[in-house]
Amino acid sequence: MNMNIQGGGYQQGGYPQQGYQQQPVMQGGYQQGGYPQQGYQQGGYPQQQPGMMQQGMMQPGMVQPGMMQPGMMQPGMIQPQVQVVVINNGPPVEQKRPGFDRLNEHQSVFIKQKFNVLEALTGCDMENRYLIFPANQQGDGKKGKALFKAKEKSGWCSRQCCHPDCRPFKMDVLHEYKDLEDGDPFLALDRPYTCTCLCCNRPYMTVQRNEAGQNENLGVIKAPWTCYDHQVDVYNGGEDLRYKIVANCCQLGFWCKWPCDPCQNIDFEVRNSGGEVVGSLKKFSQGCIKASFDEASSSQFTLVYPPNCDPRDKALLIAATLLIDFRFFEEKPNKNSGAGSNF
Numbered sequence: 016m017n018m019n020i021q022g023g024g025y026q027q028g029g030y031p032q033q034g035y036q037q038q039p040v041m042q043g044g045y046q047q048g049g050y051p052q053q054g055y056q057q058g059g060y061p062q063q064q065p066g067m068m069q070q071g072m073m074q075p076g077m078v079q080p081g082m083m084q085p086g087m088m089q090p091g092m093i094q095p096q097v098q099v100v101v102i103n104n105g106p107p108v109e110q111k112r113p114g115f116d117r118l119n120e121h122q123s124v125f126i127k128q129k130f131n132v133l134e135a136l137t138g139c140d141m142e143n144r145y146l147i148f149p150a151n152q153q154g155d156g157k158k159g160k161a162l163f164k165a166k167e168k169s170g171w172c173s174r175q176c177c178h179p180d181c182r183p184f185k186m187d188v189l190h191e192y193k194d195l196e197d198g199d200p201f202l203a204l205d206r207p208y209t210c211t212c213l214c215c216n217r218p219y220m221t222v223q224r225n226e227a228g229q230n231e232n233l234g235v236i237k238a239p240w241t242c243y244d245h246q247v248d249v250y251n252g253g254e255d256l257r258y259k260i261v262a263n264c265c266q267l268g269f270w271c272k273w274p275c276d277p278c279q280n281i282d283f284e285v286r287n288s289g290g291e292v293v294g295s296l297k298k299f300s301q302g303c304i305k306a307s308f309d310e311a312s313s314s315q316f317t318l319v320y321p322p323n324c325d326p327r328d329k330a331l332l333i334a335a336t337l338l339i340d341f342r343f344f345e346e347k348p349n350k351n352s353g354a355g356s357n358f
């Protein structure tokens, strides 16, 4: 006789009732018999469902507990200040400084005219270029990088046709730096045209400081009339005589233009207003070969400043050296200029 068991869903004999399935009992996410629960993969790893997130994954805009979004501060927190330290193991970079400060660091300078190949080949006077260096201890060469560079600005006809005592030109003295962009103005030299004859209308050149937008009158360089020695006078902005640069006219270099050293080296004395020798200026060439091609564009000068010379006087003495080169050493020998003349 078959008996129906109402409460258990089982028929007699342990078989399940028709139409009724056994419901598994959950134990730790698994069904009876070791089969994984729906939603779990075999091996105990959860199966990802649409819209569900795996552990450790974040959607945009969500913040995990204990995390802060950028710019958010919790109460009582102090924002740390970050200090950036730049370590430069290379050589120090030179900073731009006023020209007077750079002049004050040196007691002597070496002025070198840049050799012009086109002028040597054609024989036509070209615009002069100079570099101004600190002088070495021996006083016959440069030391380190150039401090300044000077560029002439003049007309072609005046360079070819005018006598040195009459020739007009302008010149800009610019800063020269080792690691920085150079070309900043320092001095402006102006030598106007003069119809010079003996003691009449003597040559002169004005010197102005045009650094950092300034337009300061430093002084004037004048070439007085003398019967024998060659001389230029240095005046400050108040027309006070500061120095005289004088050379004996009997030196061989004024009369003989051969490229050998005795004919190229000329000594000048820097005297104060009372006539006392306080400094020196020496002219020599860049060598026999360059002087053979073009003596006029191979000049070199070493200028030793007087003791306790202020930077304005140093700038004036540099300008006087450039005027001396134009007056006495710029003409070609074949033009019969007579570099030692006081036309």
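So the sequence shown is numbered by the working numbering: it starts at 16 and just counts up by one.
Beta carbons: idealized from backbone N, C-alpha and C, even for Gly.
Keep in mind that this is a model prediction, so the values were computed, not measured.
Should residue i be labelled buried (16 or more other beta-carbon atoms within 10 Å of its own) or exposed?
i: Q62; result: Note on Q62: pLDDT 49, under 50, position unreliable in the model; no value is reported.
i: R342; result: buried
i: D140; result: buried
i: Q128; result: buried
i: C215; result: exposed
i: G49; result: For G49, the predicted model reports a pLDDT of 46, less than 50, meaning its position is unreliable; a value from the coordinates is still stated below. Exposed.
i: K111; result: exposed
i: F344; result: buried
i: K288; result: Sequence inspection shows Ser at residue 288; the Lys mentioned does not correspond to that position. Result: exposed.
i: L213; result: exposed
i: E254; result: exposed
i: E134; result: buried
i: T211; result: buried
i: Q153; result: exposed
i: N19; result: Annotation note: pLDDT 45 at N19 (below 50); position unreliable, coordinate value reported separately. The residue in question, N19, is exposed, as its Cβ has fewer than 16 Cβ neighbours within 10 Å.
i: Q175; result: exposed
i: A165; result: buried
i: Q36; result: Low per-residue confidence applies at Q36: pLDDT is 47, beneath 50, and the placement is therefore not dependable, though the value from the model is reported in the following sentence. Exposed.
i: P218; result: buried
i: Y208; result: exposed
i: E226; result: buried
i: E231; result: exposed
i: G268; result: buried
i: Y193; result: For the record, residue 193 in the displayed sequence is Lys; it is not Tyr. Classification of K193: exposed, given that the 10 Å Cβ count is below 16.
i: E291; result: exposed
i: P179; result: buried
i: P321; result: buried
i: G228; result: exposed
Locate the alpha helix (DSSP H) running through residue i, then write down its first and last residues.
i: Q175; result: W171 to C176
i: P326; result: P326 to F343
Strictly by DSSP, which residues pair up with residue i?
i: H245; result: A262
i: M220; result: I236
i: D282; result: K297
i: P10; result: This structure leaves residue 10 out entirely; the chain is present only between 16 and 358.
i: E231; result: R224
i: K157; result: A150
i: N251; result: G234
i: N323; result: According to DSSP, N323 bridges with nothing at all.
i: C212; result: C215
Check the C-beta distance from residue i over to residue j and give it rounded, since I have them as a contact under 8 Å.
i: C264; j: D244; result: 6 Å
i: D199; j: L189; result: 6 Å
i: A150; j: V124; result: 6 Å
i: L296; j: L318; result: 5 Å
i: S169; j: E142; result: 6 Å
i: A161; j: E191; result: 4 Å
i: S314; j: P274; result: 13 Å between Cβ atoms; not a contact.
i: L202; j: A334; result: 7 Å
Could you spell out where the beta strand (DSSP E) holding residue i opens and where it closes?
i: T137; result: Counting along the chain, T137 falls outside any beta strand (DSSP E), though it belongs to the alpha helix (DSSP H) covering V132 to T137.
i: D116; result: Segment G114 to N119 is the alpha helix (DSSP H) holding D116; no beta strand (DSSP E) there.
i: P200; result: P200 to R206
i: T317; result: S314 to V319
i: F184; result: F184 to H190
i: E142; result: Looking at the DSSP string, E142 is not in any beta strand (DSSP E), and its letter there is neither H nor E.
i: F269; result: Element bounds for F269: n/a, residue is neither H nor E.
i: K166; result: F163 to K168
Original post:
Between the stretch 173-186 and the stretch 325-332, are three or more C-beta pairs nearer than 8 Å?
Top reply: no
Original post:
Any chance the stretch 329-341 sits against the stretch 220-238, with 3 or more Cβ pairs inside 8 Å?
Top reply: Segments in contact, yes.
Original post:
Are the stretch 126-140 and the stretch 279-293 touching by the rule of at least three beta carbon pairs closer than 8 Å?
Top reply: no
Original post:
Should the stretch 140-151 be called in touch with the stretch 258-273, which here means at least 3 C-beta pairs below 8 Å?
Top reply: no
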